[in-house]
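Peer 1: In this note's numbering, the protein residues as written are 97 to 524. Once you've had a glance at the structure underneath, I'll fire off some questions.
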Ligand code: AMP
């Protein structure tokens with residue numbers, strides 16, 4: 097057992113995983129630009145209150161999972177690592193007066209989030225999200241645009257059978273009536289509910305719909321449905337959203353129990369799954385409308401909608417489908433007959449790199465045959481052998497894959513390697 101390990105719930109992303117990871121990041125950035133979403137970066141920690149307000153006090157994320165940061169000044173609860181991106185982005189929207197920009201303000205961010213949850217498969221304490229937010233448009237067309245963008249990203253990532261679970265959770269007009277009906281219904285069965293659900297029922301009743309408890313789930317099949325309580329405006333928004341999604345050919349799976357764990361959502365709530373993989377740990381992404389959030393940060397009421405998709409889980413789902421890990425192989429390694437002549441090898445590698453050729457030098461003091469062995473083991477296409485001919489401006493270019501070798505003039509070396517590089521796709 098090594099003395100130190102990555103903290104529980106975190107992991108190292110090692111080189112073989114990175115090409116697939118980078119691919120997802122590139123896709124996210126390209127799609128965001130294509131759809132007109134501009135990149136932002138907010139701090140990885142904020143005033144705890146940004147999350148307490150922006151996510152909600154009675155949510156798992158704030159009650160149990162917030163990573164508090166103890167500052168040297170002793171403010172134990174003042175700061176917290178961001179558990180999700182929306183609250184920070186909305187804080188930034190208000191702080192920088194983005195309401196004066198043309199609306200909606202379309203923003204995107206890619207980065208790590210932190211939740212102090214019990215780690216398990218697909219659930220980490222540090223995980224990555226790609227996040228997209230459109231602030232300042234009440235929808236429903238923009239809701240559809242954003243959902244289609246997430247859907248496209250998942251399809252491009254190679255996730256098979258993406259399923260969009262969609263619900264409306266109403267607004268401040270109709271949700272209270274629904275909550276009352278839900279509470280009345282569940283109160284009849286209070287003795288059958290576990291302690292945690294009774295707590296939720298009192299503090300934040302909608303969260304009972306998130307339950308994993310089998311008996312509660314059973315009871316919920318007969319419970320009142322938000323869909324039957326939507327006010328006229330929410331009903332029109334819902335119908336409009338379905339119409340736009342049909343136009344965009346995004347298939348919808350209605351999900352009457354979907355509420356999401358965050359307080360600030362209004363109307364649209366959605367999550368993405370791989371068909372057949374359900375449950376809290378398998379959501380690939382989710383989002384919704386948060387028309388009440390900006391107001392909580394002290395600005396005038398401003399609608400917003402967004403999503404966050406989980407890069408760790410999407411990478412895992414894509415890997416399952418054979419989009420496997422790869423290691424990129426070096427194009428060329430400079431080796432030499434004189435083990436001690438590291439300066440000559442390093443100089444040549446440096447010149448090649450300055451000319452744009454990916455090359456490295458063997459800097460260990462070991463025999464030429466050992467150096468060649470090592471180059472072959474690393475999967476290098478070429479070994480450049482430096483010897484006595486260097487003074488005459490020549491090196492030997494050995495093609496390790498073909499098993500051939502020929503002298504090349506130093507003046508031609510970069511060009512020769514570049515040609516080989518473009519005709520031979522390394523790392524694919
Ligand atoms: P949420 O805001 O909780 O809906 O998170 C959005 C997405 O981020 C989820 O659908 C997951 O794909 C991903 N995600 C959330 N929490 C975690 C976690 N602890 N570990 C890995 N991925 C996560």
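Note that the Cβ used here is the ideal one computed from N, Cα and C, for glycine as well. Keep in mind that this is a model prediction, so the values were computed, not measured.
Count Cβ pairs between the region 422 to 437 and the region 404 to 412 that sit closer than 8 Å; are there 3 or more?
Peer 2: With a cut-off of 8 Å, the region 404 to 412 and the region 422 to 437 do not count as touching, because too few Cβ pairs lie within range.
Peer 1: With burial defined as no fewer than 16 other Cβ atoms inside 10 Å of the residue's Cβ, what is the status of residue 523: buried or exposed?
Peer 2: For residue 523, the predicted structure reports a pLDDT of 43, less than 50, and the residue's modelled location is therefore unreliable. A value from the coordinates is still provided. Flag for residue 523 reads exposed.
Peer 1: Whole angstroms are fine: how far does the CA of residue 435 sit from the CA of residue 460?
Peer 2: Using only the alpha carbons, I get a separation of about 7 Å.
Peer 1: Where do the ends of the beta strand (DSSP E) carrying residue 260 lie?
Peer 2: 258 to 264 is the extent of the beta strand (DSSP E) around residue 260.
Peer 1: Can you tell me whether residue 149 is buried or exposed? The criterion is at least 16 other CB atoms within 10 Å of its CB, across all chains shown.
Peer 2: Buried is the call here.
Peer 1: CB residue 362 to CB residue 387, shorter than 9 Å?
Peer 2: Contact: yes.
Peer 1: Run through the DSSP bridge pairs and tell me what residue 493 is partnered with.
Peer 2: For residue 493, which the question treats as bridged, DSSP gives the partners 480 and 502.
Peer 1: For residue 121, collect the residues of the same chain with a Cβ closer than 7 Å to its Cβ; drop the 5 residues on either side in sequence, then sort them by chain order.
Peer 2: 206.
Peer 1: Do you know how far the Cα of residue 240 is from the Cα of residue 342?
Peer 2: In a straight line, the C-alpha of residue 342 is about 9 Å away from that of residue 240.
Peer 1: Using 8 Å as the cut-off, classify the Cβ of residue 495 as near or not near the heavy atoms of the ligand AMP, replying yes or no.
Peer 2: The answer is no for residue 495.
Peer 1: Could you tell me the boundaries of the alpha helix (DSSP H) in which residue 149 lies?
Peer 2: Element bounds for residue 149: 144 to 151.
Peer 1: Determine, using beta carbons only, whether residue 394 and residue 366 come nearer to each other than 9 Å.
Peer 2: No, Cβ-Cβ distance for residue 394 and residue 366 is not below 9 Å.
Peer 1: Could you tell me if the beta carbon of residue 405 falls within a distance shorter than 8 Å of some heavy atom in the ligand AMP?
Peer 2: The answer is yes for residue 405.
Peer 1: What beta strand (DSSP E) runs, 3 residues minimum, are completely inside the region 352 to 395?
Peer 2: Runs of the beta strand (DSSP E) inside the region 352 to 395: 362 to 370 and 381 to 385.
Peer 1: Just confirm the distance between the C-beta atoms of residue 428 and residue 455, as a whole number of angstroms; I'd bet it's less than 8 Å.
Peer 2: With a Cβ gap of about 4 Å, residue 428 and residue 455 count as contacting.
Peer 1: Under 9 Å, do residue 242 and residue 401 count as touching if we go by C-beta distance?
Peer 2: For residue 242 and residue 401, yes; Cβs fall inside 9 Å.
Peer 1: Between residue 209 and the ligand AMP, is there a pair consisting of the residue's CB and a ligand heavy atom that are separated by less than 8 Å?
Peer 2: Yes; taking the cut-off as 8 Å, the Cβ of residue 209 has a heavy atom of the ligand AMP nearer than that.
Peer 1: Taking C-beta to C-beta, are residue 382 and residue 215 nearer than 9 Å?
Peer 2: Not a contact, by the Cβ cut-off of 9 Å.
Peer 1: Within the same chain, show all residues whose beta-carbon is closer than 6 Å to that of residue 164, passing over the 5 residues directly before and after it, in chain order.
Peer 2: So the qualifying residues of the chain are 173 and 176.
Peer 1: Throw me the rounded Cβ distance for the residue 204 and residue 111 pair, which I believe falls under 8 Å.
Peer 2: Not confirmed; about 26 Å, so no contact.
Peer 1: Rounded to the nearest angstrom, what separates residue 88 and residue 477 at their Cα positions?
Peer 2: Shown here, the chain extends from 97 to 524; a query on residue 88 therefore has no answer.
Peer 1: Any heavy atom of the ligand AMP inside 8 Å of the beta-carbon of residue 368?
Peer 2: Answer for residue 368: yes, Cβ within range of the ligand AMP.
Peer 1: Under the DSSP definition of a beta bridge, which residues are partnered with residue 137?
Peer 2: Paired residues: none, contrary to the question.
Peer 1: Please list, in chain order, all residues of the same chain as residue 270 whose beta carbon is under 7 Å from its beta carbon, the five residues on each side excluded.
Peer 2: The residues are 325, 326, 327 and 330.
Peer 1: Please classify residue 97: does DSSP put it in a helix, a strand, or coil?
Peer 2: Correct three-state label for residue 97: coil.
Peer 1: Quick check on DSSP: helix, strand or coil for residue 165?
Peer 2: Residue state, collapsed to three classes: strand.
Peer 1: Regarding residue 409 and the ligand AMP, is the C-beta to nearest heavy atom distance less than 8 Å?
Peer 2: Yes, the beta carbon of residue 409 sits closer than 8 Å to at least one heavy atom of the ligand AMP.
Peer 1: Hey, how far is the Cα of residue 508 from the Cα of residue 147?
Peer 2: Each residue's Cα considered, the two are about 59 Å apart.
Peer 1: Please confirm whether any heavy atom of the ligand AMP lies closer than 8 Å to the CB of residue 534.
Peer 2: The requested residue 534 does not occur in the structure, where the chain is confined to residues 97 to 524.
Peer 1: Measure the alpha-carbon distance for residue 108 versus residue 432 and round it to whole angstroms.
Peer 2: The alpha-carbon atoms of residue 108 and residue 432 are separated by roughly 35 Å.
Peer 1: At a threshold of 8 Å, does residue 225 count as lining the ligand AMP (C-beta to nearest heavy atom)?
Peer 2: Checking every heavy atom of the ligand AMP against the Cβ of residue 225, one is found closer than 8 Å.
Peer 1: On the three-state DSSP scale, how would you describe residue 523?
Peer 2: Low per-residue confidence applies at residue 523: pLDDT is 43, beneath 50, and the placement is therefore not dependable enough to give any value.
Peer 1: What do you get for residue 273, buried or exposed, if any count of 16 or more other CB atoms within 10 angstroms of its CB means buried?
Peer 2: Exposed.
Peer 1: Going by beta-carbon coordinates alone, are residue 155 and residue 227 separated by less than 9 Å?
Peer 2: Cβ distance not < 9 Å, so residue 155 and residue 227 don't count as in contact.
Peer 1: Can you check which of these residues, 440, 458 and 470, is closest to residue 490 by C-alpha distance?
Peer 2: Closest by alpha carbon: 440.
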